[in-house]
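I have placed the structure first, in the form of structure tokens, so that the comments after it can refer back to it.
Chains as they are written, first to last, in the working numbering: chain A, 2 to 413; chain B, 5 to 337.
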């Protein structure tokens, strides 16, 4: 080997992002490649920071609920529910049981449409566009259901502090039943199309591996963690809304598919089975839905005056389609909350990219990146700009900043 | 002598124009058929033409770290070589324009030229995506070349042992359909080779599942990522003409029939009938080899492309060739 060939074999850099067809939202990847194989990977989020928390801290909680709907284009219910639950805990508001059931139904419908959307995206990342179109056609039914129940396809505006803004009428029940039976009839077909296809299996089985141990160390959540065998699900571990009354078990790849192996294929399995689980949960909710009020307090001025007096802090946790989503709210007797912190599920999942991608081929990057269903606009809460350009912070600096913030919070 | 040259040049120009028109037609049909299979409506038939017209009005953007002369030359070479192949294979039911000048071996070599031009263009555009795409294009080319050669050699060998002069000439393949020369075992062999050539076609055309060199979601267009405007239009056109070339090659090798020879028709109508029959066959072949495979599969990884061609398809092709040989030996005994 002479010096020339040696020089060529050194790793070369392939940048992917912040804008790239493989990425649905901006994030910057830098891959060190050796031929087609990824040697190491680094990524930099922070490209879609919109300052939503800043906006929220200048509004009252009822206004913020509508802002939370817009944190993510898909998880409208998740964020508004999570925020509402935090505020309800601070103000000690009791949500009527019927509202809890309606929240659960919408929450699960949202999970279904999110997983179907993901299935289409995953198929597209694999270059299987037919499946993308078919998956998204099937998804329309859940979007129609959501539109029927809330009035909107996205940004539903359904969750209100202390309940929900719309009831499910008796005329709407058959529409929901019809939608559920449509999906029940499709489930087997979807399993065949996604899990029995040899090209999908070839591309996904054994790729993007995240071991049980890594999933725990890196604090992965949701389907990403469950595909690696970590049995965690906020709906089961820390029931909220109507989940305490229902039978919800974390979905882990079953033995018929070889048990949890933590690869991309397992993440497809988990999401498909969760669609089935959601259908089941909605059915249980429909069957057991209690009658009654849907709001703790109908009059806004009264609700607002209660919220203004509220003092304290709380965390609202819900199981988003992508994993656990958390809203921390601290109120100090003013109109606006003193602190509002959003931690979306993708924030916990992003680090699992690094063990997943290392050693894989360039061709597998899009599907592996997509396999955790990243949602960058949910995740990006911080952008540091110094002298006009984005700055990198070291671990020490970040620790110092977080300690300063905690001290600032505990003083107020 | 002079009239011969003028006739050949006129024929070449006509075939070039004809090839491009058929290319647009096939691209349009492919898009509609694919859309229908994916539960979409799809664009009108003339959409590829409209796209092309728009691309030709656009500016060529040359990246700062590209090699401009190579970057700009690659699309021209690609299109020119793709059209040149058309002159050597029977198109539209007519004998090849340059029938005396070249044979199947030449066609095989010419088929690599557009791909090589694409590779040169990719490497010269100075983008990491294009570089990876160009490497993949080369690997894909090496991968599908062997099964393609197996098909052509098997057919030429059969023609040779059947005592037909000049077995590599497309005119003799055209005149003596292989199906008539073999027994039942050989027919199975030819069917296998037919299948192999149909599977080689999407790789030759960089279509899913073998579109690894372009791979939209991975490489954002790969070899073509830096191309824009007129250069991109030329490459797209090359792709279309290559579709015509591959479909015509499949038709010439395996379905070399002319409707006018079977149906009694007036002499004037014969070329029209042959042309229509040819168009039907070409659409059929491109439907199976391009649209149908494209909608029913995910993209392969590059190592899967190589193993698919080198291992499985080559073995299948050789099996087909052996069947034809066995059929011949048994027939002689």
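C-beta atoms are modelled at their ideal positions from N, C-alpha and C, and glycine is treated no differently. Since the structure is predicted, the reported quantities are computational estimates derived from the model, not experimental observations.
Between residue 43 (chain B) and residue 138 (chain A) a beta carbon distance of about 5 Å is seen, short of the 8 Å cut, so the two are scored as contacting. Unbroken alpha helix (DSSP H) stretches of 4 residues or longer found wholly inside the segment 284-355 of chain A: 301-310 and 346-350, given in chain order. Rounded to whole angstroms, the Cβ separation of residue 163 (chain A) and residue 274 (chain A) is 34 Å, and the two are not in contact under 8 Å. Taking 9 Å as the Cβ-Cβ cut-off, the segment 104-134 of chain A approaches chain B at 124, 125, 126, 127, 128, 129, 130, 131, 132, 133 and 134, given in chain order. Not one beta carbon of chain A lies nearer than 7 Å to the beta carbon of residue 206 (chain B). Under the 8 Å Cβ criterion, the segment 365-376 of chain A does not count as touching the segment 392-408 of chain A, having fewer than three qualifying pairs. Around the Cβ of residue 84 (chain A), a 10 Å sphere holds 16 or more other Cβ atoms; the residue is buried. The C-alpha of residue 288 (chain B) is placed about 19 Å away from the C-alpha of residue 48 (chain B). At a Cβ-Cβ threshold of 7 Å, residue 323 (chain A) and residue 306 (chain A) do not count as neighbours.
In the structure shown, residue 172 (chain B) falls within a coil segment according to DSSP collapsed to helix, strand and coil. For residue 94 (chain B), the closest C-alpha among the options B:228, B:262, B:84 and B:215 is that of B:262.
Counting only Cβ-Cβ distances below 8 Å, residue 21 (chain A) has contacts in chain B at 224, in chain order. Restricting attention to B:99, B:28, B:117 and B:132, the CA atom closest to the CA of residue 18 (chain A) is found in B:132. Residue 47 (chain A) sits close to residue 381 (chain A), with the two beta carbons spaced by under 7 Å.
Not a single C-beta of chain B is nearer than 7 Å to the C-beta of residue 154 (chain A).
Contact between residue 102 (chain A) and residue 290 (chain A) holds: their C-beta atoms lie close to 5 Å from each other, under 8 Å. About 11 Å separates the Cβ atoms of residue 280 (chain A) and residue 146 (chain A), ruling out a contact at the 8 Å cut-off. The segment 56-84 of chain A is shown to contain whole alpha helix (DSSP H) runs of 4 or more residues at 62-69, in chain order. Between residue 244 (chain B) and residue 82 (chain B), the CB-CB gap reaches or exceeds 7 Å.
The three-state secondary structure of residue 12 (chain B), taken from DSSP, is helix. With a threshold of 7 Å between beta carbons, residue 302 (chain B) makes contact with chain A.
When DSSP states are grouped into helix, strand and coil, residue 165 (chain A) belongs to the strand group. Per the coordinates, the alpha-carbon of residue 310 (chain A) lies some 17 Å from the alpha-carbon of residue 65 (chain A). By the rule that beta-carbons nearer than 7 Å mark a contact, residue 90 (chain A) does not touch chain B.
With contacts defined by Cβ atoms closer than 7 Å, residue 229 (chain B) and residue 148 (chain B) do not form a contacting pair. Rounded to whole angstroms, the Cβ separation of residue 16 (chain B) and residue 91 (chain B) is 6 Å, and the two are in contact under 8 Å.
Within the same chain, 31, 32, 33 and 34 come within 8 Å of residue 14 (chain A) by CB-CB distance, once the 5 residues on both sides are set aside. Among the CB atoms of chain B, none fall inside 7 Å of the CB of residue 276 (chain A).
Within chain B, the residues placing a beta-carbon under 8 Å from that of residue 201 (chain A) are 302, ordered along the chain.
By DSSP's assignment, residue 43 (chain A) forms a beta bridge with A:31. Leaving aside the five residues that flank residue 59 (chain A) on each side, the residues in its chain whose CB is nearer than 7 Å to its CB run, in chain order, 337.
The C-alpha of residue 268 (chain A) lies about 44 Å from the C-alpha of residue 300 (chain A). A check of alpha carbon separations from residue 51 (chain B) across B:67, B:139, B:124 and B:32 identifies B:32 as the nearest. Here residue 411 (chain A) is exposed, its C-beta having fewer than 16 other C-beta atoms within 10 Å.
In this structure, residue 143 (chain A) lies near residue 110 (chain A), with their beta-carbon atoms less than 7 Å apart. Taking a 10 Å sphere around the C-beta of residue 256 (chain A), we find fewer than 16 other C-beta atoms and assign the residue as exposed.
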